[in-house]
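What follows is a set of notes on a single structure, which appears directly below.
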Amino acid sequence: MRKCLLLTILFISSLNVFADCTKNELSFWPKQHSINTNSIVLITATGNKIGVLNELNHSYVIYLKSGNEVVKLNAKETFTGDLAMKQSLFTLERNLSPGKTYELKIDINPKIKDPNTIKKLKLDKKVILPKWIVRSIPDTIAPVWQAKPQVLERTTIQLAKGQSSLVRLSADIEESSEYLYKTTLTNSKTGKSTVFYLLPINHQIRIGHNECYGEFVFGEMDDCEATFTLVDESGNETIWNEEAIKLIKP
């Protein structure tokens, strides 16, 4: 009985690893149900969903819709992560109307007529596009660091399908709305940099990757440097003006 229970646990664990490594998704930010009139929108893709970001404004059109009102989204920045991840940051063509609810739309370009191409491009039902209600009070104040980030922990774990490496840093921020860390990780030896927007997790900055996906892969990087620009949902920024934080490979 005990042996069967152990085998069952191992089987379920292997399924979890497999499910994680076959996860192909689009995630959207802001995460809350309300946004500001001049909000920015971040879309992050993993796995084969990276193709959607690659084809935005070509095979797909992206916009916000409220009734008959359509507000176009313009790609401001696009960054490619080190391991099967990509993201694009969008700005609004014009401000949204307070009190209205807008839904994000990603449609196949109407110029595409071939049925087979349309079938191939169609988003699967697992992609749930967000809706936001617009707040009336504008946000013009940028996020503020209350304390400089400090390294809390470095970990590396060998898993079934590869290695998971993570550096956790403290992050004490004063900000009334949602915000992101625009993170730049630079190899101290080669000067090569990777840039990616990270979301706060339990008031921490988490840099690294799991066995399948990740914004940052340390690889042969024995030591590196990180900087963080704070960006809130209205696009207000606090530029990093400190010395880069030195990180040692986990």
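Under mature numbering (1 follows the signal peptide of the UniProt record, and there is no 0), the letters of the sequence shown match residues -19 to -1, 1 to 231, in that order. From the three backbone atoms N, C-alpha and C, an ideal C-beta is built for every residue, glycine too.
Legend entry - Three-state secondary structure assigned by DSSP to LEU(-5): In this prediction, LEU(-5) scores a pLDDT of 34, lower than 50, which makes its location untrustworthy; no coordinate-derived value is stated.
Legend entry - Outcome for GLU196 when other beta-carbon atoms lying within 10 angstroms are tallied against a minimum of 16: buried
Inset, instruction - Return the CA-CA distance between ARG187 and SER174, expressed in angstroms with no decimal places. - result: 17 Å
Inset, instruction - Give the secondary structure of THR48 by DSSP, where H, G and I count as helix, E and B as strand, and everything else as coil. - result: Before going further, note that residue 48 is Gly rather than Thr in the sequence given. Looking at GLY48 - three-state DSSP - the assignment turns out to be coil, as it is neither helix nor strand.
Inset, instruction - Would you check if the stretch 23 to 43 and the stretch 83 to 101 touch, i.e. whether three or more CB-CB distances between them fall below 8 Å? - result: yes
Inset, instruction - Return the Cβ separation of TRP113 and SER15 in integer angstroms, given the expectation that the two are a contact with Cβ distance under 8 Å. - result: 6 Å
Inset, instruction - For the beta strand (DSSP E) holding GLY143, just list the boundary residues, first then last. - result: 143 to 151
Legend entry - Length of the line joining the Cα atoms of CYS(-16) and ALA141: The predicted position of CYS(-16) is uncertain, since its pLDDT is 43 and thus under 50; no value can be drawn from it.
Inset, instruction - Alpha carbon to alpha carbon, how far is ASN168 from ILE118? Give it in angstroms, no decimals. - result: 41 Å
Legend entry - Complete beta strand (DSSP E) runs within the stretch 16 to 67 (minimum length 3 residues, chain order): 22 to 27, 41 to 47 and 50 to 61
Inset, instruction - Could you check how far apart the C-beta atoms of PHE71 and ASN49 are, in whole angstroms? I think they sit under 8 Å. - result: Actually they do not touch by this definition, with Cβ atoms about 21 Å apart.
Inset, instruction - Can you give me the Cβ contacts of LYS163 inside the same chain, cut-off strictly under 6 Å, excluding the 5 residues immediately before and after it? - result: TYR178, THR210 and VAL212
Inset, instruction - Taking 9 Å as the cut-off, decide whether the C-beta atoms of SER69 and GLU58 are in contact. - result: yes
Legend entry - Reduced DSSP secondary structure (H/G/I, E/B, other) of THR171: coil
Legend entry - Distance, VAL115 Cα to GLN144 Cα: 42 Å
Inset, instruction - May I ask you to report which of helix, strand or coil DSSP gives THR165? - result: strand
Inset, instruction - Given a cut-off of 9 Å, decide if LEU228 and CYS205 are closer than it, judged by their beta-carbon atoms. - result: yes
Legend entry - Residue burial classification, LYS30 (beta-carbon count within 10 angstroms, cutoff 16): buried
Inset, instruction - Could you tell me which residues DSSP pairs with GLY200 in its beta bridges? - result: The partner list for GLY200 (beta bridge, DSSP) is empty, contrary to what the question assumes.
Inset, instruction - Output the distance between the C-alpha atoms of TYR194 and THR208, rounded to the nearest integer angstrom. - result: 21 Å
Legend entry - Buried/exposed call for SER97, threshold 16 Cβ in 10 Å: A small fix is needed here, since residue 97 is Asn in this sequence, not Ser. ASN97 comes out exposed.
Legend entry - PRO231 vs THR137 beta-carbon contact at 9 Å: yes
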